[in-house]
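Colleague: So for the sequence shown, the UniProt record's numbering puts the first residue at 1; every next one is plus one. Glycine included, C-beta positions come from ideal geometry on N, C-alpha and C. This is the structure, below, for whatever I ask next.
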Amino acid sequence: MNRVLSIEQLRSGRCVPMKNRAPMSPAHIDEQIHVLPIWARRGDVLERDYEFADYARTIAFVNAVAEIAGQENHHPEMLVGHGRVRVHYTTHEIGGISINDFICAAKIDARYEP
Numbered sequence: 001m002n003r004v005l006s007i008e009q010l011r012s013g014r015c016v017p018m019k020n021r022a023p024m025s026p027a028h029i030d031e032q033i034h035v036l037p038i039w040a041r042r043g044d045v046l047e048r049d050y051e052f053a054d055y056a057r058t059i060a061f062v063n064a065v066a067e068i069a070g071q072e073n074h075h076p077e078m079l080v081g082h083g084r085v086r087v088h089y090t091t092h093e094i095g096g097i098s099i100n101d102f103i104c105a106a107k108i109d110a111r112y113e114p
């Protein structure tokens, strides 16, 4: 059985190479996503929208996400608009969602300041 990590475990966790590993099962994803309730699973992607008071805060957040992505070597897709950012995480090398996606999602949430 796969264990569910707490928000603290996710935020202190580090991404690891996923080559030759299987994606998380839908049941495990559904259990783990309860720790990050604003995130949603859309097929093989974790997704969340963030809103900001102005464009400067939007871009500051994008830069914070880029910093986390660089530190973890795990990069999301982002759609950036005026006052909003949509973040998509998936683990391309395994063709689905991995614990790395949850680790980065938790770290990004910790940096969110509307």
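What would DSSP say about Asp109, mapped onto helix, strand or coil?
Modeller: Residue state, collapsed to three classes: helix.
Colleague: At the level of alpha carbons, what is the spacing between Ala66 and Leu36?
Modeller: Answer to the nearest angstrom: the Cα atoms are 20 Å apart.
Colleague: Going by the beta-carbon positions, is the gap between Ile97 and Ile29 smaller than 8 Å?
Modeller: Contact: yes.
Colleague: Quick one: measure Cβ to Cβ for Ala110 and Arg11, integer angstroms, because I've assumed they're closer than 8 Å.
Modeller: So it is a contact: roughly 6 Å between Cβ atoms.
Colleague: Could you tell me which uninterrupted beta strand (DSSP E) segments, each at least 3 residues in length, are contained entirely in the segment 18–88, listed from first to last along the chain?
Modeller: Runs of the beta strand (DSSP E) inside the segment 18–88: 40–42, 45–51 and 77–81.
Colleague: Please classify Asp101 as buried or exposed, where buried requires at least 16 neighbouring CB atoms within 10 angstroms.
Modeller: By the neighbour-count rule (16 or more Cβ atoms within 10 Å), Asp101 is buried.
Colleague: Since Ile68 and Met18 should fall inside the 8 Å C-beta cutoff, what is the C-beta to C-beta distance between them, to a whole number of angstroms?
Modeller: Actually they do not touch by this definition, with Cβ atoms about 17 Å apart.
Colleague: Going by Cα to Cα distance, which pick from Arg57, Ala64, Ile99 and Cys15 is closest to Glu31?
Modeller: When only C-alpha atoms are compared, the closest one is Ile99.
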